Amino acid sequence: MLGKRPWKMAAGAAAIVMLVAGCGGGSDEAEGSENTVVLGIAEPKHLIPANSTESNGSQVLSSLFYPLVNFNEQKQPVEAAAESITSDDNKVWTIKLKPGFTFSNDEPVTSDSYINAWNNGAYGPNGNDGSYFFERIAGYADLQSKDPDGEDGPQKAPEPKAKTMTGLKKVDDTTFTVTLSAPFAGWKSVLAYTVFYPLPNAAFSSPGVLNEAFEQTPIGNGPFKVVGKWEHDQQIVVTKAAGFKGPAPKVEGITWKIYQDQQAQYADLVAGNLDVQTLIPIESLGSAAGDLGDRLKKSPSSDFAFVGFPTFQKEFSNPDVRRALSMAINRKEMTDQIFLQSQTPATSFVSPVVAGYRENTCGKWCEYKPAEAKALYTKAQGPKEIKITYNADGGHKAWVDAMCNQIKASLAVNCTGQGEPKFADLLTKVDAEQPVGLIRLGWIMDYPLMENYLGPLYSTTGGSNYYGYSNTAFDSLLKEGSEAATPEAAIKKWQEAEDILVKDMPVLPLRFGQNTYGFSERVTNVEVDLFKKVNIYKIERVAS
Amino acid sequence: MSDPQAVTTAESAVGRDKPRSLAGDAWRDLRRNKIFWVAAVLVTVFVVMAIVPAVFGAGDPRDCALSRQHDGPSGNAFFGYDFQGCDVYAKAVYGARNSILVGLLSTLLAGTIGLIMGLTAGYFGGWVDAVLSRGIDVVLGLPFLLAAIVLARRLSSDPSNNGFWAVIVTLGFLGWTTAARVMRSSVIASKNQDYVAAARMLGSGPARLMMKHILPNSTAAFIVVLTILLGTNIATEATLTFLGVGLKGDAISWGIMINEAGPNVRTAAEPLVWPSVFLALTVLAFIMLGDAVRDAFDPKLR
Amino acid sequence: MFRYLIRRLLQMVLTFFGATFIVYALMFANQTDPIQALAGERPITDSQRLALTERYHLDEPFLGQYWHYMKGLLTGDFGISLTNRKISEMMADAWPVTIRLALIAIVIVAIVAIVAGVISGIRRGGTFDNVTLVLTLVVLSMPIVVLAPLARLVFGIQLGWFPPTATRDAGFYELLLPALVLGSLVVATELRVTRSAVAENLRSDYVRTARAKGLTRQRVVGVHVLRNSLIPVVTLIGVDLGNLMSGAIVTEGVFNIPGVGFNLFRAIKTEDGPLVVGFVSVLVIVFLMVNLLVDLLYAALDPRIRYE
């Protein structure tokens, strides 16, 4: 009797499994309206404009919102939701809105929609990822608070002095002015970024306080609106907003399908369950040409990959050591063999996608000359041990190992790649001034200006200048450029600043990125822009 | 169901010099067993490879050049070159040390902890079992990844440390739970056997009962779990290394080779196949060895 | 028996609190800079750091943070994750699909392991035994990070037998391929344990007695040997069921299933303490329940085992 029990139990367990599996199953792919597309993304961090600085969130928001300005082919800003954006002194900017625009809940878009959104985005205690974009606006500092006894102290930080920036002034319902704390010629370009989208009154539960639920169903002034709500780790479905006055998209709706893994996304693309993948993973590039044929495309992106030399490590303080290391590596071999030409060798300090970029400013220091490199390295008494530290979760091991092998072969020194679990761990070690060696870094621009590379990466106060490079001549040239009267004059100053970098070699430029994207047979006119976003106005279904 | 002969099984381990001891019998048996010799030869080869890789005539495993990427086999490199242009044969030979040592030592550690915990919990039952078993439940519930990252990071915070011992201790401390539970279940099953009751009535103390009567009859599943654990530990080392908390710098191991070759398997399969074969052969050798030795010591098979 | 159950349930409560404490401590020890971890490679402004630190109580000492968490937990509130989502919501999203996946996997594994294990245990050294050994070794020497993408490529794309990815609402068929991959992680151990247990029991006296009695071979194997061999196998199945839920990190990622393993992995990476502890607490409960069931099964399988 008892002997038969295990079988019964197994049968019971099997029955339960079938039952459980069955009740969740049978999700029939309701295609809905014919004219929709499925685009792949990763889970966005946030869907609040001021809190979205990564490409997934910005991509989704770009379908829900309509920006003040867009970029044309020459990366010049052109008015979109704005009628005009003008300034006489590059300090006080007057923004006039196109009339008649509404949010998808039929609320009209007014100057207040922008002013309220920006004040909320800049307010320190809201902790928005994109709050630093508002830094240039007068009065920004009053919205931040300082902890009186440091971060670890028991005291709570006091409330900031103000809740609204003095630099934002409403003129009438469709006009407002923005006063900057210092003149900035490139301000119009900055305004294209996600954080400058307006917010409807419905987004706020009380003045200045965002509604908790807003993020799950954001309401924007753009061509699409959310259907249902953000299905985390799964999808975000959007459909055409009826009252949108801007250029009409060619598709009725978009399903933003969320993937944890790029290779899984690629598998779905090849299997025909997905229409566009904006980044084909390197591992699949080898077979992508065969899998996709002419549906595999490339377009420029703003990615810039480099390694930095921490200034606290004195063995790298001689510029000749850095130059020798630069000449010891074969950039082209790496982009060809490791990245299968999905990236290009970098021999300048800013990306080719910005105005003012000059080819090969690095000159002979960035050419592969192993013999010269070795002579220079020996003369400058470079260290016998080189370490390259990278974050292990970013897929950097392959090229770091290859770079080390090149350094070993060219300079006859030992070189090892050292993985840290996360970028945060790497930064912790850098902050503690541990001997990390060369540090792997990268940059994606926020707006297409040279300044957006030079400022954050190389200025003394730059937010991403983790290696501690500091040159006062560079800093002042950068500032002069930003305050110049015309974009042309600005570029001239910024180029002079870049020339200083060539002399100092604070980093080794390695690669410029490209969007390597693929799409299904169902769609056409697929374009991926500098910010890795699919152009949702141009994409079309192929008539079937 | 009584099995008086099993009582003498454990004594064999001590190796008495009686005229026909069980160990002697076992050895006579083993010598005639072909499987044992195959396993012994394989183990010897891999152990030699781990100790003196140079005798295998391999080139420099760290001499890599992208220009040779995925080149086919040649007289210098029997298995061809991998994605980084390194000699696959040389890397497989030099990777033996890290892989085998990490695998063996961590399995040994896990086995020891599992044995003690499982035996104690199963034999004593009651509150001892309650405390130990709930301890096992907690360790089982810990996400391996989190515990491994925390442990390995604490253990290898010293930059001069190459992470070797940290990996072994991490794998050992996190891998014993399955072995312990299996041991416990076997002990629970065999402590109710008649011969144990008989031995207890004859006045054997708990230590003697455990070591001489229960343990020898409870090891079958335990040994199997451990041999498989050996294989998974060799592979898991690579996972830790890939997360940045395993072996440091330019360490070479089979697991790392397999992981690196995985994504490129559609362009070049050899760099994936060879270290996998080495790993599989090692595990196979230990599985066969375990089987053969256990059979030789099992009096029921005579 | 009843008293035994009560005792086990009481132990569970204690273990549960012990586990949350240990996991919270581990997360705390692992914490270098959760705010930076969340931001990835983006620089963080001072005022943003300040705001987030206060919002998530990150500046408080360990016991303070733990107290905050437990206070919420005891009132049924799992708190909010550092991504500002309700943890209870995230768990309700993640658990069902993972449980389905793990159950399908464990049933497949149990059937394969027991059937194949019994056959190779009976015919030790035979062709079937050797073939399963080789297959076991192949699976064993291919880590899941290689095996899972390979399975997706071959069966999902090239042969097209299965969908290459699944979703949260995936049914049995969509989960079959991930379940097979996941099951391959543990099938090796269970198969070999079954085999060795069967081989061992075949030699025992009671089998000889049963045979001598004139029982058919099928009855001897099916009733006597199998039942006596199942104790270690059932133990393993119990342990593995839990392992498959928390250990499905790679499989869930490869097949795009937003389940427990995936959420745990992400939470550990972003140093999201409350989220990890929430998931692990439930996981520990699963282990406790399954292992209680397994212990009760022992008594059913072997009447000599008694709990009082």
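Chains as they are written, first to last, in my numbering: chain A, 1 to 544; chain Y, 1001 to 1302; chain V, 2001 to 2308.
All residues carry an ideal CB built from backbone N, CA and C; glycine is no exception.
The structure displayed is predicted, hence computed values, not measured ones.
When C-alpha distances from PRO2061 of chain V are compared across V:ALA2037, V:HIS2224, V:ALA2025, V:LEU2050, the shortest belongs to V:ALA2025.
8 Å or more divides the Cβ of LEU210 of chain A from the Cβ of ALA202 of chain A.
The beta carbon of VAL1265 of chain Y falls within 8 Å of a beta carbon belonging to chain V, placing the residue at that interface. Put simply, the CB of ALA2051 of chain V is near chain A, with a gap under 8 Å to one of its CB atoms. Between GLY382 of chain A and the set A:GLY462, A:THR361, A:PRO319, the nearest pair of CA atoms involves A:PRO319. Of the candidates V:PRO2043, V:GLY2117, V:THR2167, V:VAL2134, the residue whose Cα lies closest to the Cα of TRP2095 of chain V is V:THR2167.
When CB distances to chain V are screened at a threshold of 8 Å, the residues of the segment 259-282 of chain A falling below it are TYR259, GLN260, ASP261, GLN263, ALA264, GLN265, ALA267, ASP268, VAL270, ALA271, ASN273, in chain order. When CB distances to chain A are screened at a threshold of 8 Å, the residues of the segment 1242-1255 of chain Y falling below it are PHE1242, LEU1243, GLY1244, VAL1245, LYS1248, GLY1249, ASP1250, in chain order.
One thing to note: ILE1228 of chain Y has its Cβ within 8 Å of the Cβ of LEU2140 of chain V. Closest by C-alpha distance to MET2012 of chain V, out of V:SER2204, V:VAL2284, V:GLY2079, is V:VAL2284.
Of all residues in the segment 2198-2214 of chain V, none places a beta-carbon less than 7 Å from a beta-carbon of chain A. Boundaries of the beta strand (DSSP E) around TYR390 of chain A: 385-391. Interface criterion not met: the Cβ of GLN1193 of chain Y is under 8 Å from no Cβ in chain A.
Of the residues assessed, LEU426 of chain A falls on the buried side of the cut-off, its CB having 16 or more other CB atoms within 10 angstroms. In the structure shown, the three-state DSSP call for ALA82 of chain A is strand. Any Cβ of chain V closer than 8 Å to the Cβ of GLN144 of chain A would place that residue at the interface, and such an atom is present. Between ALA412 of chain A and LYS379 of chain A a beta carbon distance of about 14 Å is seen, past the 8 Å cut, so the two are scored as non-contacting. Check the Cα spacing between HIS1070 of chain Y and each of Y:SER1204, Y:ARG1062, Y:TYR1081, Y:PRO1061: the tightest is with Y:TYR1081. When the Cα atoms are used, VAL307 of chain A and ALA346 of chain A turn out to be separated by approximately 12 Å. Residue pairing by DSSP places GLN277 of chain A opposite A:GLY518 in a beta bridge.
Taking a cut-off of 8 Å on C-beta distances, the segment 2241-2256 of chain V touches the segment 263-275 of chain A, as three or more cross pairs fall below it. Contact note: VAL2023 of chain V reaches chain Y through LEU1142, using a C-beta cutoff of 7 Å and chain order. Here ASN1264 of chain Y carries a helix assignment [DSSP, helix/strand/coil]. Our two residues, ARG136 of chain A and LEU478 of chain A, have alpha carbons roughly 15 Å apart in a direct line. CA-CA distance, ARG1068 of chain Y to GLN1084 of chain Y, rounds to 8 Å. Pairing LEU39 of chain A with VAL2220 of chain V, the inter-Cα distance amounts to about 59 Å. Assigned with DSSP and collapsed to three states, TRP230 of chain A falls in coil, not helix or strand. Where ARG440 of chain A is concerned, there is no enclosing alpha helix (DSSP H), although the beta strand (DSSP E) around it starts and stops at 438-443. Contact with chain V is absent for THR94 of chain A, since none of that chain's Cβ atoms lies less than 8 Å from the residue's Cβ. When the five nearest sequence neighbours on each side are left out, the beta carbons in the same chain lying within less than 6 Å of the beta carbon of SER2229 of chain V are those of ALA2197, VAL2198, ASN2201, in order along the chain.
Annotated three-state conformation of GLU367 of chain A is coil, per DSSP. Residue-level contact check: THR416 of chain A touches chain Y, since one or more beta carbons of chain Y fall below 8 Å from its beta carbon. For GLU540 of chain A, DSSP records a beta bridge to A:THR524. As a beta-bridge residue in DSSP terms, PRO345 of chain A pairs with A:ARG511.
Put simply, of A:VAL69, A:ARG511, A:PHE184 the residue whose alpha carbon is nearest the alpha carbon of GLY481 of chain A is A:PHE184. No Cβ-Cβ contact shorter than 8 Å links ASP294 of chain A with ARG522 of chain A.
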